[in-house]
Each structure stands twice: as structure tokens, then as C-alpha cells.
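Only one structure is covered here, and it is reproduced in the block below.
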Amino acid sequence: MRPEILERMRQEAQDIFYEGLAAVDPEARISQCCSLDGPILKLGHISHDLDRFTRILVLGAGKAGAAMALALESVLGDRITAGRVIVKYGHVRPLKHITLAEAGHPVPDENGLRAAEILLDLAREAGDNTLVIGLISGGGSALMTLPAPGLSLQDKQETTRLLLDCGASIHEINTLRKHLSGIKGGLLARAAAPAALTCLVLSDVVGDNLDIIASGPATADPGTFGQCLDIIRARGLGPKLPPAVLRRLESGSRGQVPEPRKTGTRLLKRFPISSSPTMPWPLGRPGKKPGPWATAPWSCPPPLKGKPGTPQSFTPPWQGKSLPGAGR
38 MRPEILERMR QEAQDIFYEG LAAVDPEARI SQCCSLDGPI LKLGHISHDL DRFTRILVLG
98 AGKAGAAMAL ALESVLGDRI TAGRVIVKYG HVRPLKHITL AEAGHPVPDE NGLRAAEILL
158 DLAREAGDNT LVIGLISGGG SALMTLPAPG LSLQDKQETT RLLLDCGASI HEINTLRKHL
218 SGIKGGLLAR AAAPAALTCL VLSDVVGDNL DIIASGPATA DPGTFGQCLD IIRARGLGPK
278 LPPAVLRRLE SGSRGQVPEP RKTGTRLLKR FPISSSPTMP WPLGRPGKKP GPWATAPWSC
338 PPPLKGKPGT PQSFTPPWQG KSLPGAGR
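In C-alpha cells, the structure reads:
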């Protein structure tokens, strides 16, 4: 292949990469989907009349949390009564009305525990006259750690390390996290009742499962303790798990511990503002026809089905096809 063609391909590949990043930029996505027209706040296709509320709380967690909070502040300004968003160390922005709490990722730490406790307390303060806006993004599972009764932070840390080391999928990891948590699996939403609650969700999960992104703090959990035990067995983690974790999972499978989804999680509005793995990839530079090897946008497949822990695969849409321009 001629050097000038290689250079053109390299440059256009770089342009495609940066366009993809721009397409899922957290601050830009919030700015695009949120607007204020007099007292009417529009969050995507959801509208709230702010004259109905005396308080606006912003609660959230995730690696994109600081950028999301900055953009929301630019829309609401001093209408925000209070807010707290948990972010990864160093992922901060200058904010006026929302407090950022830095914590550990991917293994949770003490700062994440303290921040999650404050987050839950703020949610419990919400009443009928409160609008709660959730800012949820990838990484929130580790950043927002609150062990369920009978578990310690060390139990959660060791379990997280074991799951990461064994190659468990994010769906498997977060299914377990929800059943070991006092805030995930819809429990943050339950704490905020009876307030109005709308969550803006930035997805980093293939399939965009709202209960998996940040372990669904505002989404009822469809998983079960029995599925958690299936994952543990499939991954060979039974003898390695902290005893307290295994006891909780086994007790839950016998019905002695309530499932997160059966603890009164209320219905709420959730609006996915962007989907990193499934957003159609913008091909080529702005205003320029895509290169011959970039023939069409594609999306990742829907979530794979089957028994947790079972090896599965999918066929990429380009497999077995001859791409134009290949071999030049």
C-alpha cells in the first residue's frame, strides 16, 4: 500500500475516533438534552414545572459526573438547592452548587463509603415538594459503595477484586454488587420517595441495561440471589469469597433476605442521554464523505442471553464481508 494512502487512512481513523468521543461528551450531551424555558425544565422528553417544587436536589455517581454536573449547573444555576455527585479521583470540575466527592475506582474505598452515606441521607430528606435529578454514568458502582447489612467495606473490596481478576463480565459483576449493596438496585430511588425523580443516564454498558449501568441505583433489579450464586459457581469463586458475602447470597436464595427489587422501589423517569457502546459511530470528518473502508454505522448487539457465567459470543457485522478499500 502506498505511503500516502496509509497516511490518509491513519488521519481519517484519528478523525473518526475524535468524532466518536465528541458524540458522547458528557457535558455536550447534558447541554443538548436539558433546557429551561421560564419555569419549565426539559430533561430530554420529560418536562417539570419548577413552580411545583421548593427544592431541587442533584444526586449522582460516575466517572462522567463532574462534566454532567457542570452542564446541569449551567442550565439551573442557583435553582439547585443542594447536590452531591461521587466521581473518580482527579475527575473534578469547578462547581458552585453541587458538591463533588472523590472516591476509589474500580475497587471501592472509605471515601466512596462516606460519600454514599451522605448521598443516601440527602435522598431521604426529599419530600413531595422536591425534584431530585440523578446524574448516573459508568463507574458509579464502585464509586458509590454502601455495604448491605452484615457486610463490611473489606468484604466488598475483596469481592470486587475477585470478580475483576476472574474476568467476570460487567453484567455479572453488577448483578452481584446490587445484591451486596444498601444503595444500588433501586434503593437510592426508594430512599428519595415520595419526591419526583428523573435520572439522566450516560451508558457505558453494551445493551444499555439501566439496571446494570452504575448498578441501577434508581432502577428495580431484575436479578436474583440465585443468579448471583450461579455466577459464583461458574467463576469458581465460592471458596474464595468472604464468608459474610457467601452467607448473604445463600440466605437470599432461601428467601431469608429480600431481593432488592422487592423492597418497595418506586417508579420513576429515567432518560438515557447517550450510549457509548451502541451509538452509531460518526464516520469521516464533518462535511467530508467517509473513506472507502467506512461503509456504514453499526451498533453492538443486544445483551447476550443465557446462564450467567456461560461463555458466549457474537458475530461482528463485518465478519465474512469484503470491505471496500481493503488490501490497497
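So for the sequence shown, the numbering used here puts the first residue at 38; every next one is plus one. Ideal Cβ positions, reconstructed from N, Cα and C, are used throughout, including at glycine. Everything numeric in this text was worked out from a predicted model, so none of it was measured.
- The beta carbon of ALA228 sits closer than 7 Å to the beta carbons of LEU157, ALA160, ARG161 from its chain, once the five residues preceding and following it are set aside; these are given in chain order.
- ALA138 and ILE123 have their C-alpha atoms roughly 5 Å apart.
- The C-beta of ILE207 has 16 or more other C-beta atoms within 10 Å across all chains shown, which makes the residue buried.
- According to DSSP, residue pairing for LYS79 in a beta bridge involves SER72, SER84.
- Between GLU147 and LEU190, the CB-CB gap stays under 8 Å.
- Counted as a single uninterrupted DSSP element, the beta strand (DSSP E) harbouring LEU168 occupies residues 167-174.
- Beta bridge pairing from DSSP links VAL129 with no other residue.
- Relative to GLY120, the option among GLY127, HIS134, ALA108, PHE262 whose CA is nearest is HIS134.
- Contact between the stretch 274-293 and the stretch 239-251 is not established, with fewer than three Cβ pairs separated by less than 8 Å.
- Beta-bridge pairing by DSSP links ALA98 to ILE123, ILE173.
- Within the same chain, and ignoring the five residues on either side of GLY171 in sequence, the residues whose Cβ sits closer than 6 Å to its Cβ are LEU96, GLY97, CYS236, ALA255.
- Rounded to the nearest whole angstrom, the CA to CA distance from GLN264 to ALA226 is 23 Å.
- A direct Cα-to-Cα measurement between GLY176 and MET38 gives close to 42 Å.
- Its chain contains GLU64, ARG130, LEU132 as the residues whose beta carbon lies nearer than 7 Å to that of LEU107, once the 5 sequence neighbours on both sides are disregarded; these appear in chain order.
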